[in-house]
Amino acid sequence: MKVLVGVTGGIAAYKAAELVRELQRGGAEVQVLMTPAAEKFITPLTLAALSGKPVLTSVWQETAVGDRFEIEHIQIAQDADVMVIAPATANTLAKLAHGLADDMVTTTALAATCPLVIAPAMNVHMWRHAATQANLAVLQERGVRFVAPESGELACGMVGEGRLAEPVTIAESVLAAAGHSQQMAGEVVLITAGGTREPIDPVRFLANRSSGRMGMALAEEALSRGAEVLYITAAKDVPVSPRCRSFRVNTAQEMHAALLAELPRATAVFMAAAVSDYRVEAVAEQKRKKTERMTLELVANPDILRDVVQHRKPSTTVIGFAAETERVLEEGRRKLVSKAVDAIFANDVSGVDSGFEVDRNAGMLLTHAEEIPLAAANKRSIAQQLLSALPAIRNAANAKTWWAHQDSNLEPKDYESSALTD
Ligand code: PMT
């Protein structure tokens, strides 16, 4: 298990030495990163001696790998199972909350897709300050795990909360988060994202508002849990994690073909893409000239989700999405049955602060056993809840299949005879 330990500039930086030891006792391979401020409190030499590896202190360090150079912070960020920042100063929390990356620790944290654990340590007033608490809330909503500081006598002489949690407590959280990073090891998750584009002529197309954010949140969360991700995207603007095997498509027909080609390997499919139900029958070869009226003849696209359900292995779990502007729950329930999927996430896309294009979403996860409300939250948090529900979705689908099988084995006369003998 590969653990990145980021050390920032607070008096508690010396405790990073003990944290490295605790993590190693838990079986971790540790790579330490330090900010320039941290070097004022503890030397890189101490942490290098303990971790058995040179400490990374600058984003400008280059590593030669064979005949090419690797960008160190990207490489280690991608390889890690979990990253911990301890101690994390108020300044580092602020930088992380705003996506700033001006040292080795914050730059690596921004590039990492693994779980991130933060153990803050600072003066009690800095800790209680509204700005620090707001930054904390932002990071928490993004799925960052915190090991809360303890109360007691602080280095500044004051008494209150702000003291770094004990290294053994931090190590426990980090090792638990790393366990999380293996939760989906062996799963191959096939995800679709973005809105398809159906050409009208070489310069125009029919499209929809899906940005691909929901799909990418699912992909990043599945990756952070150790799954292999096959990612089919029609989105143009949302960057795709390099850890996904990704396929770019434009039209529904291209998405259909890519999905069926990758389906045999998938253990779970999440259809977060907004697929155009229709395409233009006769796409003009040249740009159509402006006329007073224009009539486009549309033909139905394949229902990709139905075909996925039809061609999947029985062990592959299929989760559809339903984007609705009214009667969200009823439509979701109808699609759960009509599309014969294992679950549907029905989301209301009529608002401006959730659904299409924005970072938040909300809705109802409908399985064959229960209906689980997912309150408005960051898309990463919705993705976490959807992935965590996989075992429940599978149990409900298996139970449904078992009952269907029992029913089909019972001929009408069986009912009669069982009624007589019981
Ligand atoms: O991408 P974002 O901006 O982050 O927005 C996320 C989202 C709102 C697009 C996402 O959460 C979502 O709801 N995706 C499904 C959108 C949709 O097409 O819903 P639908 O109710 O029209 O289709 C139902 C299901 O059938 C979907 O899983 C869809 O992928 C699938 N479908 C639809 C049509 C078609 N021809 N083939 C399909 O497979």
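Reading the sequence shown from the start, the letters are residues 333 to 754 in the numbering used here.
Virtual Cβ for every residue (Gly too), placed ideally from N, Cα, C.
Based on Cα-Cα distance, which residue from the options lies nearest to residue i?
i    : options                   : result
Q410 : V387, A345, G558 and D435 : G558
I564 : I502, F602, R536 and N730 : F602
V479 : T623, G489, M458 and L448 : L448
L425 : A729, A462 and D609       : A462
T375 : E404, E624, A345 and Q356 : A345
N633 : E617, Q585, A605 and Q618 : Q585
S505 : G518, R477, I714 and Q407 : R477
V520 : S513, T648 and G527       : T648
I408 : L379, A381 and T445       : T445
N423 : E404, K568 and M458       : M458
T524 : L637, A348, E354 and P705 : L637
K619 : F579, V535, Q393 and G475 : V535
P571 : L592, V581, G544 and A593 : G544
A380 : R353, Q393, G358 and W392 : R353
G812 : A360, A724, Q393 and L718 : No answer is possible for residue 812: it lies beyond the span of the chain, which begins at 333 and ends at 754.
A509 : H643, K622, S608 and G475 : G475
Mapping the DSSP letters down to three states, classify residue i as helix, strand or coil.
i    : result
S513 : coil
G547 : helix
Y747 : The predicted position of Y747 is uncertain, since its pLDDT is 40 and thus under 50; a value taken from the coordinates is nonetheless stated next. Correct three-state label for Y747: helix.
I417 : strand
I636 : helix
L752 : Low per-residue confidence applies at L752: pLDDT is 36, beneath 50, and the placement is therefore not dependable, though the value from the model is reported in the following sentence. Helix, per DSSP.
Q363 : strand
G664 : helix
V521 : strand
T565 : strand
D691 : coil
M490 : coil
I651 : strand
E624 : coil
I676 : strand
V335 : strand
V449 : strand
I374 : coil
M603 : strand
A369 : coil
M454 : coil
S740 : helix
V631 : strand
N467 : helix
Under 8 Å between the Cβ atoms of residue i and residue j?
i    : j    : result
R575 : L555 : yes
L538 : M415 : no
G342 : K372 : no
L388 : M436 : yes
L562 : R577 : yes
A736 : A701 : no
V631 : E617 : no
K711 : A549 : yes
G527 : A604 : no
L522 : A443 : no
L663 : R541 : In the sequence as presented, Leu is not what sits at residue 663; that position holds Glu. No, they are not a contact pair.
L496 : A453 : yes
K334 : A420 : no
G494 : V456 : yes
T439 : V391 : yes
Buried or exposed: which applies to residue i, given that a residue is buried once 16 or more other Cβ atoms fall within 10 Å of its Cβ?
i    : result
E482 : exposed
S720 : exposed
G338 : buried
R460 : exposed
A751 : Because A751 carries a pLDDT of 36, less than 50, the predicted location of this residue cannot be relied on, and the following value inherits that uncertainty. The residue in question, A751, is exposed, as its Cβ has fewer than 16 Cβ neighbours within 10 Å.
H279 : Given that the chain is displayed from residue 333 to residue 754, the structure contains no residue 279 and the question cannot be resolved.
T733 : exposed
G547 : buried
M516 : buried
M626 : exposed
Q465 : exposed
K427 : buried
I'd like the list of long-range same chain contacts for residue i, defined as Cβ closer than 7 Å, with 5 residues on each side in sequence excluded.
i    : result
E350 : P499
A429 : N467, V470 and L471
A715 : A549, L550 and E553
R692 : D685, S686, A708, A709, N710 and K711
Please work out which residues of its chain come closer than 8 Å, Cβ to Cβ, to residue i, disregarding the five sequence neighbours upstream and downstream, and give them in chain order.
i    : result
D680 : E656, T657, V660, S686, G687, A694 and G695
V641 : V650, K671, A672 and V673
I406 : A443
A707 : A694
Near residue i, which residues of its chain fall below 6 Å by C-beta distance, leaving aside the five closest residues on each side in sequence?
i    : result
E485 : V491
L668 : I676 and L698
I502 : L351, A418, A451 and V479
P531 : F537 and V615
Y747 : Any reading at Y747 must be qualified, since the residue scores a pLDDT of 40, below 50, and its modelled position is unreliable; no value is offered.
R726 : T649
K347 : L496 and P499
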